[in-house]
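Data first, discussion second: the structure below is written as structure tokens.
Residue numbers (the working numbering): -10 to 359.
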């Protein structure tokens, strides 16, 4: 089975969590959802993009096209571009990158090559992160070393990590997994980092073919993230400021790379202030109401409040803080009805509590008994 890397945020939290995709998903293509007239959500399932279920939003105008986010792999962006061309022969003149994580801008080169003069828009902070982010930072997440070790150990010992026999079928799956990871690593390492050509600080508004695009810089899964609002269509595109995990991890959020969790909560509150009929998260399908956003905002607010209160009450060690955190009321709201989904949710909560303590401690790691 070929690899399906998790989000960068989850990988940085728990690097050993890299999982393999179900083989039956390998034939999936781009999923296209019409959000409004000439506006499409084009989703690349994780089995295809091999990282996350990355979203691109496509706005077709009268003379040109605007694309929000460009996938983890150039090969995936080429498939998205094929879908765009199935709807229109107009050129893509604008690309908007929500933030610096690889599943939102690795396809920039595809659009830049196809459309000379393309404008790529992002915050100046996003561009700065991109400029200092080598491809190797992302390609190592393919987990090639671990896959090689698992295959070698199974072949030598005759058993898998869980103790089950390593028969011919199991060994073939391990080899296929390694091959997929090698292919992913090679494509990511070869990405030509194509940086934004136009940056902004706090907000930016522009009009393309009579359609108004409002961009705002906030902190989400990454600092300097861009959210897009279309006031006429009442569509809000959030990037990873709001994430709806799927692919076996349930409809729930995930953690972040920085420790500015209170700023992320402020961004979620700001999103609630938009008069949005449709919300497109960075991962997952479009939302037709604000219930998921409200639940996520309440979860983050509760975690911040509980963690800070425990620290004020002299609860020093991380394990004691995490044990005292109560998130039971959120499990049913996220539909966590299996042990696997609850385990994934607990990992997200643990990572967020870690970030919250780091924020309180100005970046210092939480105290542990060890």
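C-beta atoms are modelled at their ideal positions from N, C-alpha and C, and glycine is treated no differently.
Quick caveat, the model's predicted, so the values are computed rather than measured.
Inset, instruction - Determine the contact status of residue 284 and residue 260, defining contact as a CB-CB distance below 8 angstroms. - result: Position 295 of the chain shown holds residue 284. Position 271 of the chain shown holds residue 260. Taking 8 angstroms as the Cβ cut-off, residue 284 and residue 260 do not qualify as a contacting pair.
Inset, instruction - Give me whichever residues DSSP pairs with residue 270 in a beta bridge. - result: Translated into positions along the chain shown, residue 270 becomes position 281. In the DSSP output, where bridge partners are listed per residue, residue 270 has 228.
Legend entry - Extent of the continuous alpha helix (DSSP H) run through residue 127: As a working note, residue 127 is residue 138 in the chain shown. 124 to 128 is the span of the alpha helix (DSSP H), which, as asked, contains residue 127.
Inset, instruction - Would you be able to state if there are at least three C-beta pairs under 8 angstroms between the stretch 85 to 92 and the stretch 105 to 125? - result: yes
Legend entry - DSSP state of residue 355 mapped onto helix, strand, coil: Walking along the chain shown from the start, residue 355 turns up at place 366. Coil.
Legend entry - Beta-ladder partner(s) of residue 30, from DSSP: By 1-based counting over the chain shown, the position of residue 30 is 41. The partner list for residue 30 (beta bridge, DSSP) reads 22 and 46.
Legend entry - At least 3 beta-carbon pairs within less than 8 angstroms: the stretch 161 to 172 vs the stretch 91 to 104: no
Legend entry - CB of residue 360 within 8 angstroms of CB of residue 215, strictly: The displayed coordinates of the chain run from -10 to 359. Any statement about residue 360 would go beyond what the structure contains.
Legend entry - Beta-carbon proximity of residue 124 to residue 80, cut-off 8 angstroms: Walking along the chain shown from the start, residue 124 turns up at place 135. Walking along the chain shown from the start, residue 80 turns up at place 91. Cβ distance not < 8 angstroms, so residue 124 and residue 80 don't count as in contact.
Inset, instruction - Apply the 10 Å Cβ neighbour rule to residue 145 and answer buried if 16 or more other Cβ atoms are within range, or exposed otherwise. - result: In the chain shown, residue 145 corresponds to position 156, counting from 1. Exposed, since its Cβ has fewer than 16 Cβ neighbours within 10 Å.
Inset, instruction - Enumerate in chain order the residues of its own chain whose CB-to-CB distance from residue 342 is below 7 angstroms, with the five nearest sequence positions on each side excluded. - result: Start at 1 with the first residue of the chain shown, and residue 342 comes out as number 353. If we look at residue 342 and ignore the five residues flanking it on each side, its Cβ neighbours are 292, 296, 310, 311 and 314.
Legend entry - Three-pair Cβ contact test at 8 angstroms for the stretch 57 to 64 versus the stretch 27 to 45: yes
Inset, instruction - Tell whether a beta-carbon distance below 8 angstroms holds between residue 224 and residue 101. - result: By 1-based counting over the chain shown, the position of residue 224 is 235. By 1-based counting over the chain shown, the position of residue 101 is 112. Against a cut-off of 8 angstroms, the Cβ pair of residue 101 and residue 224 comes out as no contact.
Inset, instruction - Helix, strand or coil for residue 0, going by three-state DSSP, please let me know. - result: As a working note, residue 0 is residue 11 in the chain shown. Residue placement at residue 0 is flagged as unreliable, the pLDDT there being 40, under the threshold of 50; the coordinate-derived value follows with that caveat. Residue 0 falls in the helix class under three-state DSSP.
Legend entry - Entirely enclosed beta strand (DSSP E) segments - the stretch 243 to 267, minimum 3 residues: none
Legend entry - Within 8 angstroms, strictly: CB atoms of residue 375 and residue 29: One cannot answer for residue 375 here, as it falls past the ends of the chain, which runs -10 to 359.
Inset, instruction - Return the CA-CA distance between residue 178 and residue 354, expressed in angstroms with no decimal places. - result: Sequence index remark: in the chain shown, residue 178 carries index 189 (1-based). Sequence index remark: in the chain shown, residue 354 carries index 365 (1-based). Their backbone Cα atoms lie some 31 angstroms apart in a straight line.
Legend entry - Where residue 203 falls: helix, strand or coil (DSSP): Position 214 of the chain shown, counting from 1, holds the residue named residue 203. Residue 203: strand per DSSP, three-state reduction.
Inset, instruction - Under 8 angstroms by Cβ, that's how I've got residue 212 and residue 348 pegged, so tell me the actual separation to the nearest angstrom. - result: Taking the first residue of the chain shown as 1, we reach residue 212 at position 223. Taking the first residue of the chain shown as 1, we reach residue 348 at position 359. About 12 angstroms; that fails the 8 angstroms criterion.
Legend entry - Host alpha helix (DSSP H) of residue 409 (start-end): Any property of residue 409 remains undetermined from this structure, which presents the chain solely from -10 to 359.
Inset, instruction - Return yes when the Cβ of residue 306 is within less than 8 angstroms of the Cβ of residue 358, no when it is not. - result: Here the question's residue 358 lines up with position 369 in the chain shown. Here the question's residue 306 lines up with position 317 in the chain shown. For residue 358 and residue 306, yes; Cβs fall inside 8 angstroms.
Inset, instruction - From the DSSP output, read off the bridge partner residues of residue 314. - result: Taking the first residue of the chain shown as position 1, residue 314 is located at position 325. BP columns for residue 314 are empty, so no partner.
Inset, instruction - Return helix, strand or coil for residue 190, following the three-state DSSP convention. - result: If you number the chain shown from 1, residue 190 lands on position 201. Three-state result, residue 190: coil.
Inset, instruction - With DSSP as the reference, label residue 63 as helix, strand or coil. - result: Counted from its first residue, the chain shown places residue 63 at position 74. It is helical.
Inset, instruction - Consult DSSP for residue 361 and reduce its assignment to one of helix, strand or coil. - result: Residue numbering for the chain in the displayed model covers -10 to 359; residue 361 lies beyond these limits and cannot be assessed.
Legend entry - Identity of the residue in 159, 204, 27 and 329 nearest residue 218 by Cα: Counted from its first residue, the chain shown places residue 218 at position 229. Closest by alpha carbon: 204.
Inset, instruction - For residue 112, write down the residues that DSSP places opposite it in a beta bridge. - result: The residue given as residue 112 occupies position 123 in the chain shown. Paired residues: 189.
Legend entry - Reduced DSSP secondary structure (H/G/I, E/B, other) of residue 154: Here the question's residue 154 lines up with position 165 in the chain shown. In the structure shown, residue 154 sits in a strand (DSSP, three-state: E or B).
Legend entry - Coarse secondary structure for residue 180, derived from DSSP in three states: Taking the chain shown and counting its residues from 1, the one referred to as residue 180 is at position 191. Looking at residue 180 - three-state DSSP - the assignment turns out to be coil, as it is neither helix nor strand.
Inset, instruction - Examine chain C for any beta-carbon lying closer than 8 angstroms to the beta-carbon of residue 184, and answer yes or no. - result: The question asks about chain C, but that chain is absent: this structure has only one protein chain.
Inset, instruction - Grab the span of the beta strand (DSSP E) containing residue 82 for me, first residue to last. - result: If you number the chain shown from 1, residue 82 lands on position 93. Residue 82 -> beta strand (DSSP E) spans 81 to 85.
Legend entry - Residue interval of the beta strand (DSSP E) (run including residue 54): Along the chain shown, read from residue 1 onward, the residue named residue 54 stands at position 65. Unbroken beta strand (DSSP E) run through residue 54: 54 to 57.
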